[in-house]
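Enquirer: Residue numbers (the UniProt record's numbering), protein chains in the order written: chain A, 1 to 275; chain X, 1 to 275.
For each residue, glycine too, the CB sits at the ideal point set by N, CA and C.
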C-alpha cells in the first residue's frame, strides 16, 4: 500500500496510534540515513515545479502542518522541509492573530500567504487553528465555527482547482510524549527558551483539543485535500514520513522540464556573434 | 587577515578579480567538502539568534545578494543559504516592481520584508536594483538616483541601530563567464527554462551596469553596512565564501542561550504533579 494510503485519516484519531511507523520497516538509524538521501530527488522535482512557475505553469504545492505543542513542527522545518531549496519555498508560521487580522474573516490572512505558481508553500499552523484553539477556548460562537468547516473546504477546493496540490499533515503525539518533551526542555539549557508556562496550562485542555482535531479532520477530510495523520512519538519516523509524503506528492505531479519558447540556435548565434 | 577584511569592497571593482579565491587555500573539492561541514555550527548559531527573538532580543541578520544575471544568486540560495533552518529564515526575491509598488517610494516594498527579531533575512536582489537597473535604463531622473544613495544609507543605518547585522554581497563575475553560463543554459534541456532572450539584450549594457555597481558600492560602502565583493567565476568559491561570511557574522553576534524567565523547578513540579 502506498504511504499516502496508509497515513490517510480514517475517521477516528483512536485508529491512529501515535507510536507507529506505518510504511517503514527499519529503525531510527535507517530512517535518518534514508531521509537525506531523498534530498537530490526532491531538489530535482522541486526545480521542475519551479521551472513551470517561471514559464507558463500554474502548479503549486502547499504543505499544511498542524499538531499539539512539541509535536515537532519545528523539527519538520529543519529536517524534511530543510531538504528543499529555500529559493522555491514560501514558508509562513501563523502566530496568534493581530487585531487587524481579527477584524477580517479568518481566511483573510491565510489567502495572502498561499504559494505562487511554481512554489512549495509551507504553513506552520494554518487556518485550522481557527477551528482548533478558537473552538477549545470558545473565542467565537458555535455557528461561526460550524460555518468555518465549509468555508475551509470551499477555500481548499478553489486552491486545488487552480493548480495547487495540498498535503495536510497532523503530527500526532500522545499526552505522555508531550510531557516528556516539555520536561526535556526544562532540563536542557539549550531548550529552556522554547518552554512557556502557558504550555502547561494548555495541557489542561488536552482532551478538548483532541476532540476539536477529530472534528476538524473529519469535516475537512475531502477527496481534493485529504488529511494525513503522522505518528509523531518517534521524531525520526515523523521526519521521514513527511519527507516521503512531500517527495511522493511532487513526483505524482508528473512534471518534466518545460520546453523553451524561443529559438535555441538563434539565441546561441546572438551570443556567439557578439563583438 | 579575516575573510571579511579580504572581501570588503576597496573603492574600485577593478581591484577585485572575478576569478580569485581570497582566504581559501584549497580547490573545488575542498570547498565543496568544507561548506556543508559549516552546517551544524551555523544551525547552532542561527538557533541562538532565533531563541533571542523568541524571548526578548531584537537582533536580526540581513543578507543582501546582488549580482549580474547568472552570477549565482540562485546557487547561493540552494547551497549556502540552504544550510540554514528555513524556520528562522525570511527569504524575499525582489522582482520587477508592480504598479502599486512603483506608486510608493522605492523603499516601501523593501521595508515590509526586513527580518523580524531572531530571523535571518535574505534579499535576492534588493533596494539596490533601484540604483542599478533603474539607473542603467534611466527609469527615473538623475536627482532621484542621487537622492537614493543617501536614502539607502539612512535606511540601513536605522536597521543596524535597531539590532540588525547587514551583510551585503555582490557576486562578481566577468562578462566572459556570463556568456559561458548563458550558452550552457541553452545547451542543457534542464536549464533552458532559465534562459530569456532579454538576458542577451541586457548584456549590451554590461559596462553601464558595472559603472552603476561601482558607484552604488562606493556610495553605500558604509562602516555600519559595508559591501563585500565575492569573486564568483568559480561557483564553489562563491558558495563557500557566502557560507563563511554568514557563519562569521553570526558568530560575531556573540549570542548565548537566553536565560529562562520562569522558575524551572516550579514548572517541573507542575508537570510531574499532574493527575
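#1: Which of the three DSSP states is assigned to residue 52(A) in this structure?
#2: Anything in the stretch 56 to 73 of chain X with a Cβ closer than 7 angstroms to a Cβ of chain A? List those residues in chain order, please.
#3: Specify the secondary structure class of residue 177(A) as computed by DSSP and reduced to three states.
#4: Would you please verify whether the beta carbon of residue 208(X) is less than 8 angstroms from any beta carbon of chain A?
#5: Starting from residue 54(A), find everything on chain X with Cβ-Cβ shorter than 9 angstroms and list it in chain order.
#6: Report all residues from its chain with a CB closer than 7 angstroms to the CB of residue 208(A); omit the five preceding and five following residues, and keep chain order.
#7: Under 8 angstroms, do residue 257(A) and residue 51(A) count as touching if we go by C-beta distance?
#8: State yes or no: is the beta carbon of residue 22(A) nearer than 8 angstroms to at least one beta carbon in chain X?
#9: Comparing alpha-carbon positions, which option in 204(A), 261(A), 188(A) lies nearest residue 55(A)?
#10: Determine which residues share a DSSP beta bridge with residue 9(X) and list them.
#11: Mind checking residue 171(A): buried by the 16 CB within 10 Å criterion, or exposed?
#12: Tell me, please, whether the stretch 237 to 245 of chain A touches the stretch 149 to 164 of chain X by the rule of three or more beta-carbon pairs shorter than 8 angstroms.
#13: Using CA atoms only, rank isn't needed, just tell me which of 126(X), 250(X), 133(X), 83(X) is closest to residue 108(X).
#14: Are the C-beta atoms of residue 42(A) and some chain X residue less than 8 angstroms apart?
#15: Report the three-state DSSP secondary structure of residue 232(X) (helix, strand or coil).
#16: Going along the chain, which residues of its own chain have a beta-carbon closer than 6 angstroms to the beta-carbon of residue 113(A), five neighbours each way excluded?
#17: With distances taken from CA atoms, which of 196(X), 147(X), 146(X) is nearest residue 263(A)?
#18: Classify residue 104(A) as helix, strand or coil using the three-state DSSP reduction.
#19: Please tell me whether residue 138(A) has its Cβ less than 8 angstroms away from any Cβ of chain X.
#20: Which chain A residues sit within Cβ distance under 7 angstroms of residue 11(X)?
#21: Please return the same chain residues whose Cβ sits closer than 6 angstroms to the Cβ of residue 71(A), not counting the five positions on each side in sequence.
#22: In the structure shown, what three-state DSSP assignment does residue 123(A) receive?
#23: When you compare the CB of residue 114(A) with every CB in chain X, is at least one pair closer than 8 angstroms?
#24: Under the assumption that residue 11(A) contacts residue 218(A) (Cβ atoms under 8 angstroms), give the Cβ distance between them as a whole number of angstroms.
#25: Roughly how many whole angstroms lie between the Cα atoms of residue 13(X) and residue 38(X)?
#26: Taking C-beta pairs closer than 8 angstroms, name the residues in chain X that residue 85(A) reaches, listed in chain order.
#27: Let me see if you follow: with CB-CB separation under 8 angstroms, is residue 247(X) close to chain A or not?
#28: Do residue 62(A) and residue 123(A) have their CB atoms nearer than 8 angstroms?
#29: Short of 8 angstroms in beta carbon distance, which residues of its chain neighbour residue 116(A), apart from the five on each side in sequence? Order them along the chain.
#30: Name, please, each residue of chain X whose Cβ falls closer than 9 angstroms to the Cβ of residue 200(A).
#31: Select from the stretch 173 to 193 of chain A all residues with a C-beta closer than 7 angstroms to any C-beta belonging to chain X, and list them in chain order.
#32: Would you kindly report the start and end of the unbroken beta strand (DSSP E) that includes residue 67(X)?
#33: Does any residue of chain A have a CB that is nearer than 8 angstroms to the CB of residue 264(X)?
#34: Mind checking which residues open and close the beta strand (DSSP E) that includes residue 165(X)?
#35: Take residue 164(A) and list the residues in its own chain whose beta-carbon comes closer than 6 angstroms to its own, dropping the five residues that flank it on each side.
#36: So which residues of chain A does residue 51(X) contact, with C-beta pairs closer than 7 angstroms?
Expert: Let me spell this out:
#1: DSSP places residue 52(A) in helix when its eight states are reduced to three.
#2: none
#3: helix
#4: Chain A, which has no Cβ nearer than 8 angstroms to the Cβ of residue 208(X), makes this no.
#5: When 9 angstroms is used as the limit between beta carbons, residue 54(A) is near these residues of chain X: 193, 194, in chain order.
#6: 136
#7: yes
#8: no
#9: Looking at the Cα atoms, 261(A) is the closest of the given residues.
#10: Listed as beta-bridge partners of residue 9(X) by DSSP are no residues whatsoever.
#11: buried
#12: No, they do not touch.
#13: 126(X)
#14: no
#15: Coil.
#16: So the qualifying residues of the chain are 92.
#17: That would be 196(X), whose Cα lies nearest to the Cα of residue 263(A).
#18: coil
#19: With 8 angstroms as the cut-off, residue 138(A) does not count as an interface residue toward chain X.
#20: Those do not exist, as residue 11(X) stays about 30 angstroms from chain A at its closest Cβ, beyond 7 angstroms.
#21: Result list for residue 71(A): 171, 173, 232, in chain order.
#22: strand
#23: Taking Cβ atoms only, chain X never reaches closer than 8 angstroms to residue 114(A), which makes this a no.
#24: 6 angstroms
#25: 29 angstroms
#26: 77, 78, 82
#27: no
#28: yes
#29: 53, 60, 90
#30: 267, 270, 271, 274
#31: 179, 182, 183, 186, 189, 190, 192, 193
#32: 60 to 67
#33: Yes, contact with chain A.
#34: 164 to 172
#35: Excluding residues within five positions, the ones whose Cβ falls inside 6 angstroms are 60, 62.
#36: 193
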